[in-house]
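As structure tokens, the structure follows; a few thoughts come after it.
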Amino acid sequence: MTDTTVAEAIEAIYTSLQNDNEELDARIGALKGAMAREGVKEATFETSKLAQPNRQGRKLMQSYFRKKGVAVGFA
């Protein structure tokens, strides 16, 4: 696995979400690794870039990422 930054991993997740969740689990794994390397506790996503920016979509995303071991926040 390559050493990606948290920002690069988040951008890759935005792309995955726009492409019908293509390779989402692998990209979450890359984000988790980048967060561990950089000492980041929570990944912050911009609501406007999400496929479903409403409350239900955000809560679904938080729940799924939590199951994968990644804390998610929104800006």
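Residue numbering for the sequence shown follows this note's numbering, beginning at 1 and increasing consecutively. Note that beta-carbon positions come from the ideal geometry of N, C-alpha and C, so glycine has one too.
Beta-carbon proximity check, residue i vs residue j, cutoff 9 Å
{"i": "residue 73", "j": "residue 38", "result": "no"}
{"i": "residue 9", "j": "residue 35", "result": "yes"}
{"i": "residue 47", "j": "residue 53", "result": "yes"}
Nonlocal neighbours in the same chain, by C-beta distance under 7 Å from residue i, ignoring five residues either side
{"i": "residue 40", "result": "6"}
Residue interval of the alpha helix (DSSP H) (run including residue i)
{"i": "residue 69", "result": "It is not in any alpha helix (DSSP H) - residue 69 carries neither H nor E in the DSSP assignment."}
{"i": "residue 76", "result": "The first residue shown for the chain is 1 and the last is 75, placing residue 76 beyond what the model contains."}
{"i": "residue 49", "result": "Taken as a continuous stretch (DSSP letters only), residue 49 belongs to no alpha helix (DSSP H), as it is neither H nor E."}
Cβ neighbours of residue i in the same chain (closer than 8 Å, five flanking residues each side left out)
{"i": "residue 57", "result": "50, 51"}
{"i": "residue 23", "result": "16"}
{"i": "residue 18", "result": "51"}
{"i": "residue 67", "result": "none"}
Counted within 10 angstroms of its Cβ, other Cβ atoms place residue i as buried (16 or more) or exposed
{"i": "residue 60", "result": "exposed"}
Element boundaries [beta strand (DSSP E), containing residue i]
{"i": "residue 43", "result": "43-45"}
Distance between beta carbons of residue j and residue i, contact taken as under 8 Å
{"i": "residue 4", "j": "residue 30", "result": "5 Å"}
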